[in-house]
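For reference, the structure is listed below as structure tokens.
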Amino acid sequence: MEALITNFNHGNGPYIKTITLCIAVNEELKKRGHSPLPIIVPHIYGDLQKKILSEEFADILKDNPEALLLDDFSGELLESLLFKTGHYQRNLELLLENQPKQEVRLRDYLQGTLTVKTLSGKEIKIPGEGIQFEIANNPKFATGYRKSFMTTEGFFSQVLYETAEESALGFDPKVLQEVRYKIANKIEEDKSLHLMSEPSIFSYNISRKRWRNEIFTPPFTHLPEKNSEDVEEGMYVMISGIAGLRPLFDQARDFGMKLYCPSSVKDLNGADNTRHPSFVTNPNIRYQFARTGWSTVWWSHMSETPLITLPYQHGDDPEIFFNEKTVTRLGIATLYDPGKDNPKEVLERADLLSPHIKGVNERLLSVYGTIDGINYMAKVIADSLEGKSLDSYKLVEPAFNE
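Taking the numbering used here, the leading residue of the sequence shown gets 155, the next gets one more, and so forth.
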């Protein structure tokens with residue numbers, strides 16, 4: 155039996171987007187006369203992950219319950235490496251301690267027979283040689299596959315490098331350098347193709363050069379479908395899938411608005427927690443309140459819903475520090491510091507973002523001809539799998555580095 159395998163970073167957004175890209179690649183290959191492949195997904199987040207997958211990909215699973223296959227073994231290995239809570243440097247130290255041995259275990263496992271399950275629990279065996287290619291989003295493992303396609307919003311190696319240059323962030327440069335050389339570089343060099351979606355972590359830097367000869371693309375998501383339900387005006391709160399960060403979002407109540415959030419959130423008092431993130435497209439959702447993870451940033455600017463975000467917290471993932479620079483430079487978000495800012499004034503600032511948000515989307519369209527990065531990436535990957543030239547994609551310069 156043949157299949158494709160996924161490899162992704164922490165949080166719910168990365169695995170959802172990675173699977174969405176895999177589905178788009180399957181659809182693109184099907185148009186070209188190839189058979190679609192089952193998608194192997196590391197099972198990290200237990201029943202919650204199953205629930206999210208069953209909701210997000212209901213149509214696919216209805217037609218083919220074996221389209222998504224959960225892998226408990228790779229999920230266990232990956233879970234041990236993901237950024238959770240506490241100080242970022244401690245997570246890096248644990249990565250240095252655990253990643254090399256876990257990577258060896260994973261690569262040994264991938265050489266044998268994989269034991270995977272459908273969402274309903276049916277067990278399926280897949281020989282290691284049946285894995286045709288890998289699609290990864292900011293991965294934590296070098297798997298060794300000859301055909302391995304990596305999507306990113308900013309290379310881990312560059313985040314480590316730039317963090318070391320920002321002494322005010324307070325991380326030990328020796329630890330950053332060690333992770334960069336021993337882990338990040340190895341993982342990125344393992345991938346056969348790098349796709350950099352825009353806006354990206356370092357879009358604030360107009361002089362940024364290509365880091366690994368990457369191909370630039372539109373955002374790593376589909377265009378959101380418009381929601382037109384008649385609901386009370388309010389704010390959508392997107393709470394991170396990273397444990398320990400939810401208390402930060404209690405600040406959403408400061409704005410005195412009706413709150414909406416995903417069904418996975420049970421502890422945001424007074425909120426309507428029956429709403430998928432696509433609900434942010436409803437015209438009565440005036441703002442989105444979220445951490446500056448890329449899934450939420452894309453939802454905001456693609457739906458033209460102003461983003462309100464909390465300032466970078468000391469010890470948090472430094473990607474958030476750089477993301478804030480980018481969303482501020484592009485004018486697609488405003489910061490809310492509960493200790494300093496008046497909520498009413500923050501909403502007034504957010505209302506002024508609309509022209510900038512429209513400008514970002516217009517710029518993407520002018521450079522790529524589309525804002526849908528998933529379909530764009532699927533065509534690049536399908537062309538690569540068929541051995542076609544990628545020169546036309548490689549010649550595209552980044553949209554925001556000028």
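Positions of the beta carbon are idealized from the N, C-alpha and C atoms, including for glycine.
Judged by DSSP secondary structure, H348 falls within the beta strand (DSSP E) whose first and last residues are 347–351. According to the DSSP assignment, Y441 belongs to the beta strand (DSSP E) that extends over 439–444. Closest by C-alpha distance to S234, out of A221, F295, V270, is F295. Non-local C-beta neighbours of G200 in its own chain, meaning closer than 6 Å and more than five positions away in sequence, are absent. The alpha-carbon separation between S189 and C176 amounts to approximately 13 Å. A338 counts as buried, since at least 16 other C-beta atoms from the protein chains shown sit within 10 angstroms of its C-beta. The DSSP-derived three-state label of V195 is strand. For the pair of segments examined, the segment 318–325 was found not to touch the segment 492–506: the number of CB pairs separated by less than 8 Å stays below three.
When Cβ pairs closer than 8 Å are counted between the two stretches, the segment 368–376 is seen to touch the segment 524–533, the count reaching three or more. The alpha helix (DSSP H) runs of length 4 or more contained entirely in the segment 173–240 are, from start to end of the chain, 200–210, 212–217, 226–233.
Residues of the same chain with a CB within less than 7 Å of the CB of E156, apart from the 5 flanking positions on each side, are L191, G284, Q286 in chain order.
In this structure, the beta-carbon distance from N381 to N436 falls below 8 Å. Taken in chain order, the whole beta strand (DSSP E) runs of length 3 or more contained in the segment 323–381 are 347–351, 369–371. When the alpha-carbon of T297 is set against those of F162, L250, I278, the nearest one is in F162. Counting the other CB atoms within 10 Å of its CB gives L413 a total of 16 or more, which places it among the buried residues. The alpha-carbon of A536 is positioned some 9 Å away from that of N180. For K512, the three-state secondary structure derived from DSSP is helix. In the structure shown, S311 falls within a helical segment according to DSSP collapsed to helix, strand and coil. Ranked by how close their Cα comes to the Cα of L273, the residues D495, L314, Q331, K205 have K205 in first place. When only Cα atoms are considered, P472 and G187 end up about 44 Å apart.
Put simply, the segment 474–489 does not touch the segment 420–440. Fewer than three CB pairs are less than 8 Å apart. The alpha carbon of S520 has as its nearest neighbour, out of Y490, I198, K420, P552, the alpha carbon of P552. By the neighbour-count definition (other C-beta atoms within 10 Å, threshold 16), H197 is a buried residue.
When DSSP states are grouped into helix, strand and coil, I285 belongs to the strand group. A straight line joining the alpha-carbon of Y390 with that of W452 spans about 14 Å. For the 8 Å CB-CB criterion, V313 and I355 form a contact.
Rounded to whole angstroms, the gap between the alpha carbons of P378 and S457 is 7 Å.
When rounded, the separation of the alpha-carbon atoms in K512 and V258 is 46 Å. Contact between L222 and I193 is confirmed by a C-beta separation of about 5 Å, below the 8 Å threshold.
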